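The next block holds one structure in the form of structure tokens; read it before the comments.
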Amino acid sequence: MRLIIEAGRACDLQIKYISVLISPGAPVWAVQQRIDWQDCAFMFDRDLLKGKRILVTGGGTGLGKEISMGFAAHGAHVFICGRRPEILEQAVGEIRTRSGGQADALVANVRDPDSIEKMMADIWNTGPLTGLVNNAGANFLAPTETLSPRGYEAIRSTIMDGSFYAAQGCGKRWIAAGLPGVIISNLVTWVWTGSAYVVPAAMAKAAVHAMTMSLAVEWGPKGIRVNAVAPGPFPTENAWDKLNPLVETGVGATQADEVPLRRFGKMDELRNLMIFLISDGCSYITGDTISIDGGHHLAAPSTFAGLSKLSPEDWQRAREAIQASTRKEKEGRSA
Ligand SMILES: CCC/C=C/C(=O)SCCNC(=O)CCNC(=O)[C@H](O)C(C)(C)COP(=O)([O-])OP(=O)([O-])OC[C@H]1O[C@@H](n2cnc3c(N)ncnc32)[C@H](O)[C@@H]1OP(=O)([O-])[O-]
Ligand SMILES: NC(=O)C1=CN([C@@H]2O[C@H](COP(=O)(O)OP(=O)(O)OC[C@H]3O[C@@H](n4cnc5c(N)ncnc54)[C@H](OP(=O)(O)O)[C@@H]3O)[C@@H](O)[C@H]2O)C=CC1
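What the sequence shown shows, in this note's numbering, is residues 1 to 335, in sequence order.
Shown next, in the form of structure tokens:
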């Protein structure tokens, strides 16, 4: 491994960061993910999650794939879902190879309650889940006054409805069988601060934050714990395509230089928090949303407020770049 200390421009993003660079020239999100796994320090017993069966929605890419990798490497049987079969199959292969653990994929659209119900029934046919991670998300930058009802709905239904139906699908089965369970939702620090230019996502994540507190109380007596995490910036290909498509859109939320710890989050750090939260070792924590953002939201540059400097022409270019990314994704979908 070659050690290069790099500070400055990476990919086409204006990001100041210091990193051990394994593959010079690779995009920042790819570099980060590879480093994190190779330098992964296992702080838990490798059998910690043995016997657990955990569904990670949106586990085929980005944070969901990395979280799934961590669960599988600690003995869990991981199920991932998304709308693109090819991406899911690749991810399952990668999780099995890199973690040495068990992983399976199901095609499902979390915007559609029937699709979630079918997925739950298919999984339960082979045995009950013990845990659920609501990770599937959708987001793009846009001035709120330009959003169409379909644009708002695409984001709201993925985050808010998807998390509700997946939680309900697991919860009703656990309650009927008298089984315990754990739910963790992957939120964002905008549940406390809000954020300009990503209003539907901030609203929908805040709704899931409310679901977390509410269900912790309702289902606590039944042995079901419900928590959430609120990550700061952890660069991934999709999030950066949708939230930092141009040099001009590189502001607060996607930048490392104003994070009090002066860097992006590492996948390893997120994995460790998720493994802890889903394990039996933290059996007295419920109803909480835990930030993992290097103190970003406390220092307040954690939103897209800085985009008020963009011109209408900049916004048009941002929209075209985001929609090109979405078109590419749609080609692979079968659900
Ligand atoms: C700090 C980091 C925090 C990270 C948070 C994350 O969640 S990162 C996670 C990042 N990962 C993901 O987001 C992964 C999942 N993402 C997706 O599935 C897509 O990106 C999606 C959310 C656009 C939905 O796609 P879909 O195929 O279901 O729908 P569709 O293509 O048909 O569009 C629906 C409507 O949206 C409209 N619209 C679209 N773009 C723009 C724009 N820039 N401007 C304005 N509007 C826009 C579009 O015009 C249409 O409305 P219309 O014209 O018919 O009235
Ligand atoms: N990256 C970051 O810095 C941060 C991310 N987060 C949260 O982490 C989560 C993952 O983000 P990230 O990994 O960056 O982005 P990705 O776009 O890589 O992950 C989103 C995943 O959700 C899946 N998904 C989207 N819509 C649906 C749907 N309707 N049905 C089923 N699956 C769906 C996508 O697969 P497919 O399109 O194939 O369906 C994809 O695998 C999101 O909830 C995001 O809000 C929070 C804070 C910071």
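C-beta: ideal position from N, C-alpha, C; glycine also.
Treat the numbers as computed from the prediction; the structure is a model and nothing was measured.
Q) Smallest Cα separation from Ala-216: which of Thr-286, Gly-281, Leu-187? A) Taking the sequence shown and counting its residues from 1, one reaches residue 216 at position 216. The candidate whose alpha carbon is nearest that of Ala-216 is Thr-286.
Q) How about Ile-224 and Gly-181: are their beta carbons less than 8 Å apart? A) Indexing the sequence shown from 1 puts residue 224 at position 224. Indexing the sequence shown from 1 puts residue 181 at position 181. Cβ distance < 8 Å, so Ile-224 and Gly-181 count as in contact.
Q | Neighbourhood of Gly-169 by C-beta distance below 7 Å, restricted to the same chain and skipping five residues each side | A | In the sequence shown, the residue the question calls residue 169 occupies position 169. Taken in chain order, the residues that qualify are Ile-116, Glu-117, Met-120.
Q) Can a CB atom of chain D be found closer than 8 Å to the CB of Thr-212? A) Looking for chain D here will not work: only one protein chain is present.
**Q.** Residue of Pro-128, Ser-325, Asn-109 minimising C-alpha distance to Val-78
**A.** For the purposes of this step, residue 78 is identified with residue 78 of the sequence shown, where counting begins at 1. The option with the nearest alpha carbon to Val-78 is Pro-128.
Q. Could you give the residue range of the alpha helix (DSSP H) that holds Ala-72?
A. In the sequence shown, residue 72 corresponds to position 72, counting from 1. 62 to 73 is the span of the alpha helix (DSSP H), which, as asked, contains Ala-72.
Q. According to DSSP, is Leu-273 helix, strand or coil?
A. Locating residue 273 in the sequence shown gives position 273, where the first residue counts as 1. Helix.
Q) For Asn-238, which residues does DSSP report across the bridge? A) The sequence position of residue 238 within the sequence shown is 238, counting from 1. In DSSP, Asn-238 forms no bridge with anything.
Q) Is Met-323 helix, strand or coil when you go by DSSP? A) Counted from its first residue, the sequence shown places residue 323 at position 323. Residue 323 is actually Gln in this sequence, not Met. Shown here, Gln-323 sits in a helix according to DSSP, grouped into three states.
Q. Hey, is the segment 88 to 103 in contact with the segment 139 to 150, meaning 3+ C-beta pairs nearer than 8 Å?
A. no
Q.
Considering only the alpha carbon of each residue, which of Ala-321, Ile-123, Ala-202 lies closest to Thr-158?
A. Along the sequence shown, read from residue 1 onward, the residue named residue 158 stands at position 158. Of the residues Ala-321, Ile-123, Ala-202, the one whose Cα lies closest to the Cα of Thr-158 is Ala-202.
Q. With a cut-off of 8 Å, do at least 3 Cβ pairs link the segment 297 to 312 to the segment 263 to 272?
A. no
Q. Rounded to the nearest angstrom, how far is the Cβ of Ile-54 from that of Gly-162, given a contact under 8 Å?
A. Walking along the sequence shown from the start, residue 54 turns up at place 54. Walking along the sequence shown from the start, residue 162 turns up at place 162. At roughly 17 Å, the Cβ-Cβ gap does not stay under 8 Å, so Ile-54 and Gly-162 are not in contact.
Q: State the DSSP-derived secondary structure class of Ile-182, mapped to helix, strand or coil.
A: For the purposes of this step, residue 182 is identified with residue 182 of the sequence shown, where counting begins at 1. According to the sequence as given, residue 182 is Val; it is not Ile. The answer is strand: DSSP assigns Val-182 an E or B state.
Q. If you pair each beta-carbon of the segment 226 to 243 with each one of the segment 320 to 333, do three or more pairs fall below 8 Å?
A. yes
Q) Taking 7 Å as the cut-off, does the CB of Pro-233 come closer than this to any heavy atom belonging to ligand 1? A) Taking the first residue of the sequence shown as 1, we reach residue 233 at position 233. Indeed, a heavy atom of ligand 1 lies less than 7 Å from the Cβ.
Q | Opposing strand residues paired with Leu-132 [DSSP bridges] | A | Translated into positions along the sequence shown, residue 132 becomes position 132. Note: Leu-132 sits in a beta bridge opposite Leu-55, Ile-183.
(Q) Assuming the contact rule is C-beta atoms closer than 8 Å, Asp-288 and Asn-227 should be a hit. Round their C-beta distance to whole Å, please. (A) Reading the sequence shown from its first residue, position 288 is the one you call residue 288. Reading the sequence shown from its first residue, position 227 is the one you call residue 227. The distance from the Cβ of Asp-288 to that of Asn-227 is about 5 Å, consistent with a contact at the 8 Å cut-off.
Q: Assign Leu-246 to one of three DSSP states: helix, strand, or coil.
A: As a position in the sequence shown, residue 246 is number 246, starting the count at 1. Correct three-state label for Leu-246: coil.
**Q.** Val-188: CB within 7 Å of a non-hydrogen atom of ligand 1
**A.** Counting from one through the sequence shown, the residue named residue 188 turns up at place 188. Result yes, Cβ under 7 Å from ligand 1.
Q. Do you know offhand how far Ala-253's Cα is from Ile-292's?
A. What you label residue 253 is simply residue 253 of the sequence shown in a count that begins at 1. What you label residue 292 is simply residue 292 of the sequence shown in a count that begins at 1. So the two alpha carbons sit approximately 14 Å from each other.
Q. Opposite Asn-109 in the DSSP bridges: which residues?
A. Residue mapping note: residue 109 aligns to position 109 of the sequence shown, counting from 1. Bridge partners of Asn-109: none, in fact.
Q | Cutoff 7 Å; reference Tyr-197; Cβ partners in own chain excluding five residues on either side | A | Stepping through the sequence shown from its first residue, residue 197 is reached at position 197. For Tyr-197, where only same-chain residues beyond five positions count, the Cβ hits under 7 Å are Leu-141, Ala-142, Pro-143, Phe-304, Leu-307.
(Q) Checking 8 Å against the spacing of the C-beta atoms, do Glu-258 and Pro-301 come in under that value? (A) Residue 258 sits at position 258 when you count from the first residue of the sequence shown. Residue 301 sits at position 301 when you count from the first residue of the sequence shown. Going by C-beta atoms, Glu-258 is nearer than 8 Å to Pro-301.
Q: Alpha carbon to alpha carbon, how far is Ile-322 from Leu-147? Give it in angstroms, no decimals.
A: Mapped onto the sequence shown, residue 147 falls at position 147. Mapped onto the sequence shown, residue 322 falls at position 322. Using only the alpha carbons, I get a separation of about 14 Å.
Q: Please indicate yes or no: does the CB of Ile-123 lie closer than 7 Å to some heavy atom of ligand 2?
A: Here residue 123 is taken as the residue at index 123 of the sequence shown, counted from 1. No - ligand 2 has no heavy atom lying nearer than 7 Å to the Cβ of Ile-123.
Q. Once you ignore the five residues that flank Tyr-251 on each side, which residues in its own chain have a CB closer than 7 Å to its CB?
A. Position 251 of the sequence shown, counted from the first residue, corresponds to residue 251. The identity of residue 251 in the sequence shown is Val, whereas the question assumes Tyr. Counting only Cβ-Cβ distances below 7 Å, and skipping sequence neighbours, we find Phe-304, Gly-306, Leu-307.
Q: Output the boundary residues of the alpha helix (DSSP H) element that contains Val-208.
A: Position 208 of the sequence shown holds residue 208. Segment 199 to 219, the alpha helix (DSSP H) holding Val-208.
Q: Please state if the CB of Ile-80 and the CB of Val-56 are separated by a distance shorter than 8 Å.
A: To locate residue 56, count along the sequence shown from 1; it is residue 56. To locate residue 80, count along the sequence shown from 1; it is residue 80. Result yes, Cβ atoms of Val-56 and Ile-80 sit closer than 8 Å.
Q: Express the C-alpha separation of Met-69 and Ala-105 in angstroms, rounding to a whole number.
A: Position 105 of the sequence shown, counting from 1, holds the residue named residue 105. Position 69 of the sequence shown, counting from 1, holds the residue named residue 69. So the two alpha carbons sit approximately 13 Å from each other.
(Q) Taking DSSP's pairing of strands, which residues face Phe-79 in a bridge? (A) Reading the sequence shown from its first residue, position 79 is the one you call residue 79. Bridge partners of Phe-79: Leu-55, Asp-104.
(Q) Quick check on Ser-99: does DSSP put it in helix, strand or coil? (A) In the sequence shown, counting from the first residue as 1, residue 99 sits at position 99. It is helical.
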